[in-house]
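There are 2 protein chains.
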Amino acid sequence: MAYNEMFQYSIISALMDGVASHGPPVARILEHGDHGLGTFQNMNGEMIVLDGQVYQMKADGSVVHIKPTDTITPFATVTRFKPTEQRRATVVGKAGLEALLTGLFPNAKNHFLAVRMDGVFRKVNVRTAGGQTKPREGMVDVCARQTVHTFAGVKGTIVGFRCPQYVMGINVAGDHFHFIAEDRQRGGHILEFETEGDVDITAAQMSNFHLELPTEDDEFNDAELKLQAQGIKAVEG
Amino acid sequence: MAYNEMFQYSIISALMDGVASHGPPVARILEHGDHGLGTFQNMNGEMIVLDGQVYQMKADGSVVHIKPTDTITPFATVTRFKPTEQRRATVVGKAGLEALLTGLFPNAKNHFLAVRMDGVFRKVNVRTAGGQTKPREGMVDVCARQTVHTFAGVKGTIVGFRCPQYVMGINVAGDHFHFIAEDRQRGGHILEFETEGDVDITAAQMSNFHLELPTEDDEFNDAELKLQAQGIKAVEG
């Protein structure tokens, strides 16, 4: 796939409906990109794809380096990331990063963005989904049991995407960031962060979106996939 | 592009917001498929792509064979169509075609379908959008002035797509069919039809959806693109 095109397997509404038993090997997702987010079978942890390496961030805050041929994913989003914008800047927290991105891409509210931020974090609050207790358990229930961790004084990287409002239900409208520490031992879905000193932001606008749907997957075929915008905001916002 | 993958330029919400001044030459759309639907600059008529040929169905019910290099489109959906299902059947009208498709693809409610139907029509009611009177005029207003034609005793072809509910706003959820007569002199967006004798239906399920967004298009960048599900149903249902 060309640089800075977004590839997605399945849709977020399927996770909301608990469709998380099946999916392709992560290796097949990596054919489409080296930078991204996702989850694992049974929503067991958060996925981060950074420089082509795949990590599973687990409910205890720890991280496992994944062998992509041995692991499947029911939902993932990646891009072959080639930043078109690069800034060293002061970014106070999540709202500051969001404002900076809007400033970097003033005409991109109806497009997608791929984002990376490297720096030292005074504090990072993350949550991690601990997995389904039974097949088809929905994401709202799974995330009701999420664990929250705070990492202090940690160097690391944020990987994320911004999606336009009109993809709500297919992906998460707005910003969606995961964090992983430089030592690859800690990480999760970002709730909030505080930086220490300047950080490096790289980003690119994306105007091509490729969606691959599960096939021969009864869970997906049977799912209602009604738009649950409030629910998605609650668990992914 | 592989067979039976759906390619789309821009989103239906952009047409709702009147974003129809710019777009690529139709020739560039044809690189992705030979079967599809769309519209033209300023929503001037309905597009049908049949066996790789592009026709503009105009507000007076007539049809123009388009030279794809000389014409641009602000919105189009195509696939490289290779039917996986084929039936000769009695199809009473639009609801009958819809029921037949559901029967042919019982596990496809969350996927896309590409559809073609060839036959003799006792009656075909079509509407055709006559174009914007000014830039950014929205589709609801444009379609308020649509013309409706009835063709009687005509041999012809239906080209269409079925889209899953969750793409509402990006495309039209549900079924969307255009008609063109065998003599390529009449056509439009189908409101209702009645057949005469058996018809030939070919169709394929599609599990890959490729979306290309307009770039460097101020109209698109400025548009609100709020979901107008009721409006889309009213003008495209």
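Those protein sequences? They're chains X and Z, same order as listed.
Note that the numbering used here has the first sequence beginning at 13, numbered continuously upward.
Note that the numbering used here has the second sequence beginning at 13, numbered continuously upward.
Glycine included, C-beta positions come from ideal geometry on N, C-alpha and C.
Please read all numbers here as calculations on a predicted model, not as lab measurements.
- Comparing C-alpha distances from arginine 99(X) to each of Thr214(X), Glu194(X), Asn220(X) and Arg174(X) shows the shortest one belongs to Thr214(X).
- Three or more beta-carbon pairs separated by less than 8 Å are not found between the region 56-69 of chain X and the region 23-31 of chain X, which leaves the two stretches without contact.
- Within chain Z, the residues Ser219 and Asn220 have their CB atoms less than 7 Å from the CB of glutamate 224(X), given in chain order.
- Glycine 143(Z) has its alpha-carbon roughly 9 Å from the corresponding atom of lysine 70(Z).
- In the DSSP assignment, lysine 245(X) falls within the unbroken alpha helix (DSSP H) covering 241-248.
- Listed in chain order, the alpha helix (DSSP H) elements of length 4 or more contained wholly in the region 95-170 of chain X are 106-116 and 151-156.
- Here the alpha carbons of aspartate 234(Z) and threonine 114(X) stand approximately 14 Å from one another.
- Counting along the chain, asparagine 220(X) sits inside no alpha helix (DSSP H); it lies in the beta strand (DSSP E) bounded by residues 220-224.
- For valine 38(Z), the enclosing alpha helix (DSSP H) stretches over residues 38-42.
- Cβ atoms of valine 138(X) and isoleucine 84(X) stay farther apart than 8 Å, at about 23 Å.
- The C-alpha of valine 127(X) lies about 18 Å from the C-alpha of isoleucine 41(X).
- By the Cβ-count criterion, valine 160(X) is exposed, with fewer than 16 other Cβ atoms from all chains shown falling within 10 Å of its own Cβ.
- The C-beta of histidine 44(Z) comes no closer than 7 Å to any C-beta of chain X.
- At a C-beta separation below 7 Å, alanine 235(Z) has these neighbours in chain X: Asn122.
- Chain Z has a Cβ within less than 7 Å of the Cβ of asparagine 119(X).
- For phenylalanine 232(Z), the enclosing alpha helix (DSSP H) covers residues 230-234.
- The alpha-carbon of glutamate 248(X) is positioned some 48 Å away from that of valine 75(Z).
- Between phenylalanine 232(X) and threonine 140(Z), the alpha-carbon positions lie close to 36 Å from each other.
- Judged by DSSP secondary structure, alanine 26(X) falls outside any beta strand (DSSP E) and instead within the alpha helix (DSSP H) spanning 24-28.
- In terms of beta-carbon proximity, tyrosine 21(X) stays away from the interface with chain Z, with every pair separated by 7 Å or more.
- In this structure, glycine 150(Z) lies away from valine 211(Z), with their beta-carbon atoms at least 7 Å apart.
- Per the coordinates, the alpha-carbon of leucine 116(X) lies some 16 Å from the alpha-carbon of valine 104(X).
- Straight through space, the alpha carbons of arginine 134(Z) and aspartate 63(Z) are spaced by roughly 24 Å.
- By the CB criterion at 7 Å, glutamine 177(X) and alanine 185(X) fall inside the cutoff.
- By the Cβ-count criterion, threonine 91(Z) is buried, with 16 or more other Cβ atoms from all chains shown falling within 10 Å of its own Cβ.
- Secondary structure in the region 164-210 of chain X: the beta strand (DSSP E) runs of 3 residues or longer, each lying completely within the stretch, are 186-193 and 199-207 in chain order.
- For phenylalanine 93(Z), no chain X residue has a Cβ inside 9 Å of its Cβ, as the nearest lies near 18 Å away.
- By the 16-neighbour rule on beta-carbons within 10 angstroms, glutamate 236(X) is exposed.
- Residues of the region 166-184 of chain Z with a C-beta less than 9 Å from any C-beta of chain X: Pro176, Gln177, Tyr178, Val179, Met180, Gly181 and Ile182, listed in chain order.
- Not a single C-beta of chain Z is nearer than 7 Å to the C-beta of threonine 114(X).
- Under DSSP, tyrosine 15(X) takes part in no beta bridge, so it has no partner.
- At a cut-off of 7 Å between beta-carbon atoms, threonine 227(Z) makes contact with chain X.
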